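Asker: Read top to bottom, the protein sequences are chains A and B. Taking our numbering, the leading residue of the first sequence gets 44, the next gets one more, and so forth. Taking our numbering, the leading residue of the second sequence gets 6, the next gets one more, and so forth. Dropping the structure in here first, questions after.
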Amino acid sequence: MRISTFFYTLKQGIINIFRNKWFSLASVATISACLLLFGLFYSIVVNFNNIVKTAEQGVSVTVFFEDNLSEAKIQEIGKLIEKRAEVAKVVYVSAEEAWETFRMEYFGEEYSDGFTENPLENSSNYEIYLSDVALQGSLVTYLESVEGVRQVNRSEVTASTLSGMNVLIVYVSVGIIGILLAVSIFLISNTVMIGIQVRKEEINIMKYIGATDFFVRSPFVIEGIIIGAIGAAIPLGLIYVVYNTVVEFVGERFTMLNTLLNFLPVQEIFNTLVPVSFGLGIGIGFLGSVMTVRKHLKV
Amino acid sequence: MSLLKQPKEKKIPSEDIIVLDNVSKSYATGAPALNGVSLTVKQGEFVFIVGDSGSGKSTLIKLLLRELLPTSGELYVNGQSLVDLKRRNVPKYRRNLGVVFQDFRLLKDRNVYENVAFAQRIIQVPNREIRKNVPSILSVVGLAGKYKAKPRQLSGGEQQRVALARALINRPPILLCDEPTGNLDPKNSWEIMKLLEQINKKGTTVLVVTHNREIVNEMQKRVITMKKGIIVSDEEKGGYIDED
């Protein structure tokens, strides 16, 4: 392709957008609406996932040992636990540390001085953090079977709630993405149908004069790509503003929720959302224009 | 003598620019639009094709444009078989034809210059040559001063001249005109026909499908008359034959 032909094609693609400004506007609006819904939903899901994940990370199983179990044996058990697939992290809490935490939490500095001995002498333990909360049951069964283990404390309710939430998120995500996809296809195919009517005559003339399919298609494809890119950029800008506003609003108005609602920074969401939105927008624009033109190339 | 069967190849005399050999075209419904039509057009000829609606004229033009393929028979243009022509080679083939339609078929949102230049852009003529060629062809059709006008700002006659300029700018050996005066008043019709005659005198083969009795009778060119898909008369310096 000659450079002049390339620039001519590019120029025609840009001019086409302005020539058919209502059609272009409808296409941009359609793509924007779909990607805005997608982006908002994605931001909510990612944040929800993050909240659940943070909560999951706090779920731990505590293992206590039989009285007078040797330090060496406790360490041996610790190594066995660390090797388990269900385990993300193991923290050893000595009897002294356990007492220190307990007395600071419940008595304060001055009242606890009355104790001369450690009342929690046999309370050295392992706090075990899980790689997946759903695996808590199997880990507890294993731990209870380990020789030297006196007691295993578990947080069954939290674990089952969180793993249930995870499954729910997956179902809701698949459902909403499915609905969004169906709506997008409907809206885009409608817009493409309008495009076909607008372009029918123009494509026919080009073909009668002897233009190749590539020459006819190229300006439309460029037009589609530009429309797709604009259609992606608008919702991204909106989401950026809305997201920051919501995070700020929730942070200021609902301070008590701050520990629970741990919002991800917008940059982290945009690391994925920007390439995916542009990919989808440009992809939709490209496919839409190719489909529009294809039907009329057989002249 | 070789025992191998040689593929059948039709010899086309070099001066025969259009050859139809027993061409038929049937659509899914109704009687055949063309029924065993054979004709040859020599290079540099000016030919009128006349006939009533449903006589097969439009089908003939569509076959020559390679918009349709014949149901049977052979069709050659410039020595090239249109039956064997692959789809991907159709654009290249069409560049050897200038085409003018009754409804002008101009790109409505582009000005006169861009409409004419478009025919050169598709064959990737450099911009500097397009800048020379377009004004030159526009002056041939008498529209040099209107290169900035949009089609809607022009009269029917002027729009047809633009279409003619677009058809001629790549100097095609054949010019196909489908009812070129169908939407024009008598004055503009004659002007277009005079232009076509001039173009023909410079060596371009011109094929004009028309209903315009006065022009056909006046110009005294070869006239092929069609009726119900067959050629009923083919006369040198002929006239419009009445139906009755």
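Note that CB positions come from ideal geometry on N, CA and C, so glycine has one too. Predicted model only: the values in this text are computed from it and were never measured.
What residue range does the beta strand (DSSP E) around glutamate 170/A cover?
Answerer: Taking the first sequence and counting its residues from 1, the one referred to as residue 170/A is at position 127. Per DSSP, glutamate 170/A belongs to the beta strand (DSSP E) from 168-173.
Asker: Would you mind reading off the limits of the beta strand (DSSP E) that contains lysine 132/A?
Answerer: Along the first sequence, read from residue 1 onward, the residue named residue 132/A stands at position 89. Following the DSSP letters along the chain, one finds lysine 132/A inside the beta strand (DSSP E) bounded by residues 130-136.
Asker: Between which two residues does the beta strand (DSSP E) containing arginine 227/B stretch?
Answerer: As a working mapping, residue 227/B is identified with position 222 in the second sequence. It spans 227-232 - the beta strand (DSSP E) in which arginine 227/B sits, taken as one unbroken run.
Asker: Hey, which unbroken runs of the beta strand (DSSP E) at 3 residues or more fall wholly within the region 63-129 of chain A?
Answerer: 103-108
Asker: Where are the beta strand (DSSP E) runs, 3 residues long or more, that stay fully inside the region 165-203 of chain B, in chain order?
Answerer: 179-183
Asker: Does the beta carbon of arginine 62/A come closer than 7 Å to any beta carbon on chain D?
Answerer: Checking the listed chains, one finds no chain D in this structure; the protein chains it contains are A and B.
Asker: Mark lysine 30/B as exposed unless 16 or more other C-beta atoms lie within 10 angstroms of its C-beta, in which case mark it buried.
Answerer: Residue 30/B sits at position 25 when you count from the first residue of the second sequence. So lysine 30/B counts as buried.
Asker: Of all the residues that make up the region 246-259 of chain A, which are near chain B by a beta-carbon distance shorter than 7 Å?
Answerer: Ile248, Tyr251, Ile252, Gly253, Ala254, Thr255, Phe258
Asker: Under DSSP, the beta strand (DSSP E) around threonine 45/B begins and ends at which residues?
Answerer: Mapped onto the second sequence, residue 45/B falls at position 40. Note, threonine 45/B: beta strand (DSSP E), 39-47.
Asker: Using DSSP's beta-bridge definition, name the partner residues of threonine 215/B.
Answerer: The sequence position of residue 215/B within the second sequence is 210, counting from 1. BP columns for threonine 215/B point to Val55/B.
Asker: If you draw a straight line from the alpha carbon of asparagine 120/B to that of asparagine 188/B, how long is it in whole angstroms?
Answerer: The count along the second sequence starts at 1 and reaches residue 120/B at position 115. The count along the second sequence starts at 1 and reaches residue 188/B at position 183. Spanning the two alpha carbons is a distance of roughly 19 Å.
Asker: Would a check of beta-carbon distances place arginine 337/A closer than 7 Å to chain B?
Answerer: In the first sequence, counting from the first residue as 1, residue 337/A sits at position 294. Not an interface residue.
Asker: Whole angstroms are fine: how far does the CA of isoleucine 124/A sit from the CA of serine 332/A?
Answerer: Counted from its first residue, the first sequence places residue 332/A at position 289. Counted from its first residue, the first sequence places residue 124/A at position 81. Whole-angstrom Cα-Cα distance: 59 Å.
Asker: Anything in chain A within Cβ reach of leucine 173/B, meaning under 7 Å, just list it in chain order.
Answerer: Here residue 173/B refers to the residue found at position 168 when the second sequence is read from its first residue. Near leucine 173/B there are no residues of chain A at all, since even the closest Cβ is about 12 Å away, more than 7 Å.
Asker: Within this structure, are the beta carbons of isoleucine 22/B and threonine 210/B separated by less than 7 Å?
Answerer: The residue given as residue 22/B occupies position 17 in the second sequence. The residue given as residue 210/B occupies position 205 in the second sequence. Against a cut-off of 7 Å, the Cβ pair of threonine 210/B and isoleucine 22/B comes out as a contact.
Asker: What first and last residue would you give for the beta strand (DSSP E) that runs through valine 237/B?
Answerer: Counted from its first residue, the second sequence places residue 237/B at position 232. Run containing valine 237/B: 235-240, per the beta strand (DSSP E) assignment.
Asker: Between which residues of its own chain and isoleucine 269/A is the CB-CB distance below 8 Å, once the five residues before and five after are set aside?
Answerer: Working through the first sequence from its first residue, we reach residue 269/A at position 226. Contacts found: Gly56, Ile57, Ile60, Gly328.
Asker: Taking contact to mean 3 or more Cβ pairs, one atom from each stretch, closer than 8 Å, check whether the region 217-226 of chain A and the region 124-136 of chain A are in contact.
Answerer: no
Asker: How big is the Cα-Cα spacing for leucine 78/A and glycine 274/A?
Answerer: Taking the first residue of the first sequence as 1, we reach residue 78/A at position 35. Taking the first residue of the first sequence as 1, we reach residue 274/A at position 231. Each residue's Cα considered, the two are about 8 Å apart.
Asker: Is there contact between the region 151-170 of chain B and the region 66-82 of chain A, where contact requires at least three CB pairs shorter than 8 Å?
Answerer: At 8 Å Cβ cutoff, the stretches do not touch.
Asker: Counting only beta-carbon atoms, is threonine 97/A nearer than 7 Å to chain B?
Answerer: Counting from one through the first sequence, the residue named residue 97/A turns up at place 54. Answer no: the Cβ-Cβ gap between threonine 97/A and chain B never drops below 7 Å.
Asker: Got a sec, what are the start and stop residues for the beta strand (DSSP E) glutamine 79/B sits in?
Answerer: As a first step, residue 79/B is located in the second sequence; it is residue number 74 there, counting from the start. The residue asked about is misnamed: residue 79/B is glutamate in this sequence, not glutamine. It spans 77-82 - the beta strand (DSSP E) in which glutamate 79/B sits, taken as one unbroken run.
Asker: Who are the near neighbours of asparagine 217/B in its chain, counting only those whose CB is closer than 7 Å to its CB and skipping five residues on each side?
Answerer: The residue given as residue 217/B occupies position 212 in the second sequence. Cβ neighbours of asparagine 217/B beyond the five flanking positions: Thr186, Ser194.
Asker: Can you name the residues that DSSP bridges to glycine 103/B?
Answerer: Residue mapping note: residue 103/B aligns to position 98 of the second sequence, counting from 1. DSSP output for glycine 103/B lists Leu180/B as bridge partner(s).
Asker: So, with DSSP's three-state summary, where would you put asparagine 196/A?
Answerer: Counting from 1 along the first sequence, the entry for residue 196/A is found at position 153. If DSSP states are grouped into helix, strand and coil, asparagine 196/A belongs with the strands.
Asker: Would you verify that the beta carbon of aspartate 183/B is, or is not, closer than 7 Å to some beta carbon of chain A?
Answerer: Taking the second sequence and counting its residues from 1, the one referred to as residue 183/B is at position 178. Not one chain A Cβ lies under 7 Å of aspartate 183/B.
Asker: Below 8 Å, can you find three or more Cβ-Cβ pairs linking the region 73-87 of chain B to the region 135-145 of chain B?
Answerer: no
Asker: Below 8 Å between beta carbons is the criterion; list the residues of the region 125-150 of chain B that meet it against any residue of chain A, in chain order.
Answerer: Arg126, Ile127, Ile128, Gln129, Pro131, Asn132
Asker: For serine 7/B, count neighbouring Cβ atoms within 10 angstroms of its own Cβ and tell me buried if that reaches 16, exposed if not.
Answerer: Numbered from 1 along the second sequence, position 2 holds the residue referred to as residue 7/B. Note that serine 7/B scores 42 on pLDDT, short of 50, meaning its location in the model is unreliable and no value can be drawn from it.
Asker: For valine 95/B versus threonine 230/B, is the C-beta distance shorter than 7 Å?
Answerer: Taking the second sequence and counting its residues from 1, one reaches residue 95/B at position 90. Taking the second sequence and counting its residues from 1, one reaches residue 230/B at position 225. For valine 95/B and threonine 230/B, no; Cβs fall outside 7 Å.
Asker: According to the neighbour-count rule (16 or more other Cβ atoms, all chains shown, within 10 Å of its Cβ), is alanine 201/B buried or exposed?
Answerer: Here residue 201/B is taken as the residue at index 196 of the second sequence, counted from 1. Reading off the sequence, residue 201/B comes out as leucine, not alanine. Answer is buried; the Cβ neighbour count reaches 16.
Asker: Please name the residues in the region 107-118 of chain B whose beta-carbon is closer than 7 Å to at least one beta-carbon of chain A, in chain order.
Answerer: Arg110, Leu112, Asp114
Asker: Per DSSP, what are the beta-bridge partners of lysine 30/B in this structure?
Answerer: Counting from 1 along the second sequence, the entry for residue 30/B is found at position 25. DSSP, once it has assigned bridges, lists Leu39/B as partnering lysine 30/B.
Asker: Taking the alpha carbon of serine 232/A as the reference point, which residue from Asn287/A, Val195/A, Thr335/A has its own alpha carbon closest?
Answerer: Start at 1 with the first residue of the first sequence, and residue 232/A comes out as number 189. Residue Thr335/A is the option with its Cα nearest to serine 232/A.
Asker: Looking at the structure shown, is leucine 25/B part of a helix, part of a strand, or coil, going by DSSP?
Answerer: By one-based count along the second sequence, residue 25/B stands at place 20. It is a strand residue.
Asker: Taking only the alpha-carbon atoms, compute the straight-line gap between arginine 136/B and glycine 150/B and give it to the nearest angstrom.
Answerer: In the second sequence, the residue the question calls residue 136/B occupies position 131. In the second sequence, the residue the question calls residue 150/B occupies position 145. Each residue's Cα considered, the two are about 15 Å apart.
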